[in-house]
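Engineer: Below is a structure I'd like to ask you about.
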Amino acid sequence: MGFNLRGAIMANIQGSSEQEVEATISDAVSRGEEKMLPGLGVMFEVYWKHATDQQKEQLCEQISQGLQ
């Protein structure tokens with residue numbers, strides 16, 4: 045039987061307020077722990093699915109600039 049990590053993360057963060065989401069992201073980034081990466085990935089997926097084409101373009105531009 046497989047473990048649905050994406051589903052477990054979604055169940056864990058569902059209903060989070062804007063402040064809770066920001067705190068989760070800030071905590072994950074500041075700690076730099078690899079175990080936090082799947083959760084950030086799920087949050088990114090949620091953002092991406094609801095973002096406009098313009099928001100996606102801006103985000104990709106910002107990430108690309110940050111990788112320079």
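Using my numbering, the first residue of the sequence shown is number 45, and each one after it goes up by one.
All C-beta atoms, glycine included, are put in the ideal place defined by N, C-alpha and C.
Predicted model only: the values in this text are computed from it and were never measured.
Is the beta carbon of Ile107 closer than 9 Å to that of Gly83?
Structural biologist: By one-based count along the sequence shown, residue 83 stands at place 39. By one-based count along the sequence shown, residue 107 stands at place 63. Contact: no.
Engineer: Alpha carbon to alpha carbon, what distance is there between Glu77 and Glu101?
Structural biologist: On the sequence shown, residue 101 is found 57 positions in, with the first residue counted as 1. On the sequence shown, residue 77 is found 33 positions in, with the first residue counted as 1. Taking the straight line joining both Cα atoms gives about 28 Å.
Engineer: Between which two residues does the alpha helix (DSSP H) carrying Leu103 extend?
Structural biologist: By one-based count along the sequence shown, residue 103 stands at place 59. Leu103 -> alpha helix (DSSP H) spans 97-110.
Engineer: Based on Cα-Cα distance, which residue from Ile69, Glu64, Gln63, Phe47 lies nearest to Leu81?
Structural biologist: Counted from its first residue, the sequence shown places residue 81 at position 37. The shortest C-alpha separation from Leu81 is found at Ile69.
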